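Under the working numbering, the first residue of the sequence shown is numbered 11, with each subsequent residue one higher. So the structure is just underneath, and the comments pick up after that.
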Amino acid sequence: MNILTVASEGEPFVKTGGLADVFGSLPSALASFKSLNAYSVVQVLPKYSQIAEKKVPMELLPGRLQVPVGKKIEEGAVWRLKQKKKKGSKNIVYYFIENNKYFHRSNLYQDEFGDFEDNDERFIFLSKALFELAKQIGFKPDILHCHDWQTGMVPAYLKTLYANDPFFSKTKTVFTIHNIAYQGLFPKETFNLTGLGWEEFVSEKCEYYGKVSFLKAGIVYADKVTTVSPTYAKEIRQDHHFGRGMEGILNTRASDLVGILNGLDYNLWDPAKDPFICKNYSLKIRNFLDHKMRCKEDLQKNFKLPQKKSVPLIGIVSRLDPQKGLHRLEKIVMDLRKKGSFQWALLGVGDKKIQQSLHLLAKKFPKEFAVHFNFSPELAHKIYAGSDFFLMPSEFEPCGLSQMISMKYGTSPIATPTGGLLDSVKEWDPASKEGNGFLAKEISNEAIEAEILRAAAIYRNKKQWGQLVKNAMKEDFSWGASAKKYAELFENVVK
Numbered sequence: 011m012n013i014l015t016v017a018s019e020g021e022p023f024v025k026t027g028g029l030a031d032v033f034g035s036l037p038s039a040l041a042s043f044k045s046l047n048a049y050s051v052v053q054v055l056p057k058y059s060q061i062a063e064k065k066v067p068m069e070l071l072p073g074r075l076q077v078p079v080g081k082k083i084e085e086g087a088v089w090r091l092k093q094k095k096k097k098g099s100k101n102i103v104y105y106f107i108e109n110n111k112y113f114h115r116s117n118l119y120q121d122e123f124g125d126f127e128d129n130d131e132r133f134i135f136l137s138k139a140l141f142e143l144a145k146q147i148g149f150k151p152d153i154l155h156c157h158d159w160q161t162g163m164v165p166a167y168l169k170t171l172y173a174n175d176p177f178f179s180k181t182k183t184v185f186t187i188h189n190i191a192y193q194g195l196f197p198k199e200t201f202n203l204t205g206l207g208w209e210e211f212v213s214e215k216c217e218y219y220g221k222v223s224f225l226k227a228g229i230v231y232a233d234k235v236t237t238v239s240p241t242y243a244k245e246i247r248q249d250h251h252f253g254r255g256m257e258g259i260l261n262t263r264a265s266d267l268v269g270i271l272n273g274l275d276y277n278l279w280d281p282a283k284d285p286f287i288c289k290n291y292s293l294k295i296r297n298f299l300d301h302k303m304r305c306k307e308d309l310q311k312n313f314k315l316p317q318k319k320s321v322p323l324i325g326i327v328s329r330l331d332p333q334k335g336l337h338r339l340e341k342i343v344m345d346l347r348k349k350g351s352f353q354w355a356l357l358g359v360g361d362k363k364i365q366q367s368l369h370l371l372a373k374k375f376p377k378e379f380a381v382h383f384n385f386s387p388e389l390a391h392k393i394y395a396g397s398d399f400f401l402m403p404s405e406f407e408p409c410g411l412s413q414m415i416s417m418k419y420g421t422s423p424i425a426t427p428t429g430g431l432l433d434s435v436k437e438w439d440p441a442s443k444e445g446n447g448f449l450a451k452e453i454s455n456e457a458i459e460a461e462i463l464r465a466a467a468i469y470r471n472k473k474q475w476g477q478l479v480k481n482a483m484k485e486d487f488s489w490g491a492s493a494k495k496y497a498e499l500f501e502n503v504v505k
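So, in structure tokens, the structure goes:
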């Protein structure tokens with residue numbers, strides 16, 4: 011089976027969110043299956059200036075892609091990653107589509123003034139160029155795997171512009187929604203650029219309240235639609251709060267919608283060999299809790315918090331965004347100050363209003379609440395290892411990787427009951443000594459505070475806390491199980 015994957019970002023080349031992690035990890039896991047040895051995976055990304063700056067070794071292929079965007083013909087060049095062939099190496103090849111007009115920018119999707127005004131053109135170009143690239147390299151895909159609104163037009167083009175092209179006669183599409191809040195909405199005039207006939211601009215297809223939605227196009231035209239956790243797949247169909255207006259069209263595709271929990275790449279996240287933490291540890295080490303405590307001391311030092319072993323330290327690594335529930339944090343911290351002692355270490359950047367409120371909190375209580383408003387991989391790893399608990403008060407969470415990472419480091423999550431958090435966080439039960447974290451009863455300040463207080467009580471009982479840490483570290487969220495479900499889906503869709 012030939013699998014052609016296209017996305018707007020992907021590890022290890024360029025990343026803004028969890029989509030990049032899936033792009034980077036899923037194909038390797040698929041290609042590792044013995045049953046999939048005969049399968050080939052081609053990965054396609056735009057050749058952003060950020061990739062060029064990394065000096066990624068690649069070679070330019072002869073010829074140019076001729077891609078119609080509206081009434082214009084835009085050219086694209088194709089680059090291939092230089093890879094050393096090793097015996098038994100995985101069948102994955104990476105290609106990059108170059109067009110400096112569209113992809114040589116300071117950021118991937120926006121600048122300081124907001125989204126790029128030509129994002130519609132940019133991703134129409136990418137979606138059409140994908141088909142021409144496949145023909146240029148002679149790779150006939152059985153599956154086109156597309157991710158999020160940026161590639162939502164790919165399934166639409168396969169069913170319309172390329173419907174009678176013999177090169178793609180056996181090709182099927184799978185469209186993965188990573189976050190339905192990002193819908194690729196553009197004015198009606200954008201439809202002139204797509205190359206589609208106006209019969210496609212109807213409410214059953216690409217039209218969405220008078221606008222064009224690239225996300226909706228992906229949902230409507232794909233052979234199968236996936237999202238990144240079983241619970242999120244249910245939520246986005248049943249509730250406007252989660253479905254963001256797409257619940258109606260998703261219900262028409264209910265039999266073709268599958269929720270598959272994302273996996274975690276343990277090559278990147280492993281306290282046994284993490285180069286960023288002061289003391290490596292694993293369950294194989296008898297005194298691993300002492301090593302974890304050393305990491306707590308190091309975290310306190312880095313965030314200029316007092317060295318207090320007995321005070322629970324709660325870590326947060328997150329985009330500062332209302333979706334992540336961090337607009338609640340100031341009130342939660344203030345309420346909990348009246349009920350016990352806590353320390354907080356937060357790493358993130360985003361919403362200016364949230365950032366300002368947290369800055370004032372840190373200024374007011376420097377011995378309790380510390381923040382770094384940036385993204386530092388080193389500090390992120392230190393928070394995962396050195397915190398006692400990891401807070402995720404999300405309003406909605408399609409999958410979430412942070413709770414999986416924190417568990418690997420023995421840092422139990424305290425989370426709200428939504429999306430992938432419900433699929434991965436198991437409530438701690440003191441009687442049976444089972445569970446890996448804490449789930450709020452509902453998404454509210456009071457419910458979140460109640461779980462934080464419960465976690466603090468467990469922390470004071472060192473025997474229970476030690477068992478909780480072990481349970482969390484024993485969890486396995488590696489890509490194997492998730493990749494197997496994708497493999498089964500791909501097999502079924504081409505039957």
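All C-beta atoms, glycine included, are put in the ideal place defined by N, C-alpha and C. These figures come from a predicted structure and were not determined experimentally.
Endpoints, the beta strand (DSSP E) within which residue i is located
i	result
residue 68	68 to 70
residue 256	Here residue 256 belongs to no beta strand (DSSP E), and DSSP marks it neither H nor E.
residue 234	234 to 237
residue 84	82 to 91
residue 163	From DSSP, residue 163 is part of no beta strand (DSSP E) but of the alpha helix (DSSP H) over 163 to 169.
residue 146	Looking at the DSSP string, residue 146 is not in any beta strand (DSSP E); the run it does join, the alpha helix (DSSP H), is 129 to 147.
residue 502	Looking at the DSSP string, residue 502 is not in any beta strand (DSSP E); the run it does join, the alpha helix (DSSP H), is 489 to 503.
residue 103	102 to 108
residue 379	379 to 382
residue 160	Here residue 160 belongs to no beta strand (DSSP E), and DSSP marks it neither H nor E.
residue 424	422 to 425
residue 185	182 to 187
residue 211	It is not in any beta strand (DSSP E) - residue 211 carries neither H nor E in the DSSP assignment.
residue 16	12 to 16
residue 53	50 to 56
residue 401	399 to 402
Nearest-angstrom beta carbon gap, residue j and residue i [assumed within contact, 8 Å]
i	j	result
residue 139	residue 66	About 19 Å; that fails the 8 Å criterion.
residue 433	residue 240	6 Å
residue 203	residue 131	6 Å
residue 409	residue 272	4 Å
residue 118	residue 18	7 Å
residue 108	residue 57	4 Å
residue 165	residue 232	4 Å
residue 217	residue 211	5 Å
residue 104	residue 135	At roughly 19 Å, the Cβ-Cβ gap does not stay under 8 Å, so residue 104 and residue 135 are not in contact.
residue 450	residue 322	Going by Cβ atoms, the distance from residue 450 to residue 322 rounds to 17 Å, so no, they are not a contact pair.
Residues of its chain near residue i, where Cβ-Cβ distance is below 7 Å and the 5 sequence neighbours each way are ignored
i	result
residue 371	340, 343, 379
residue 80	202, 203
Unbroken alpha helix (DSSP H) run spanning residue i, endpoints
i	result
residue 241	240 to 248
residue 391	387 to 396
residue 204	201 to 204
residue 475	472 to 484
residue 432	429 to 434
residue 60	59 to 63
residue 77	Segment 75 to 79 is the beta strand (DSSP E) holding residue 77; no alpha helix (DSSP H) there.
residue 269	Unbroken run through residue 269 is the beta strand (DSSP E), 267 to 269; no alpha helix (DSSP H).
residue 415	412 to 418
residue 226	224 to 231
residue 35	28 to 42
Chain-order list of residues whose beta-carbon lies under 8 Å from that of residue i (same chain, five-residue window excluded)
i	result
residue 290	281, 282, 283, 284, 301
residue 264	247
residue 359	329, 330, 365, 383, 384, 385
Residues of its chain near residue i, where Cβ-Cβ distance is below 6 Å and the 5 sequence neighbours each way are ignored
i	result
residue 230	215
residue 254	190, 191
residue 315	353, 380
Check: residue i C-beta below 7 Å from any heavy atom of the ligand ATP
i	result
residue 486	Summarising the ligand content, the structure contains no ligands, and the ligand ATP is consequently not present.
CB contact below 8 Å: residue i versus chain B
i	result
residue 210	Chain labels in this structure do not include chain B; a single protein chain is all it has.
| message | With three or more C-beta pairs closer than 8 Å as the rule, is the stretch 278 to 290 touching the stretch 395 to 411? | response | Cβ pair count under 8 Å is three or more, so yes.
| said: I'd like to know if the stretch 386 to 406 and the stretch 325 to 334 are in contact, where contact means that at least 3 CB-CB pairs between them fall below 8 Å. | reply: Output reads yes: the stretch 325 to 334 touches the stretch 386 to 406.
| the stretch 453 to 463 / the stretch 412 to 430 touching (three or more Cβ pairs under 8 Å) | Cβ pair count under 8 Å is three or more, so yes.
| query | Are three or more beta carbon pairs between the stretch 181 to 192 and the stretch 235 to 254 nearer than 8 Å? | reply | The stretch 181 to 192, when compared against the stretch 235 to 254, does touch it at the 8 Å Cβ threshold.
| message | So within the stretch 288 to 376, which uninterrupted beta strand (DSSP E) runs reach at least 3 residues, ignoring any that extend past its ends? | response | Fully enclosed beta strand (DSSP E) runs of 3 or longer: 323 to 327, 353 to 357.
| request: Evaluate contact between the stretch 35 to 42 and the stretch 488 to 497, counting only Cβ atoms and requiring at least three cross-stretch pairs below 8 Å. | output: By the Cβ rule, the stretch 35 to 42 counts as touching the stretch 488 to 497, because three or more pairs are nearer than 8 Å.
| Just checking, does the stretch 244 to 262 make contact with the stretch 463 to 480 on the three C-beta pairs under 8 Å criterion? | No, they do not touch.
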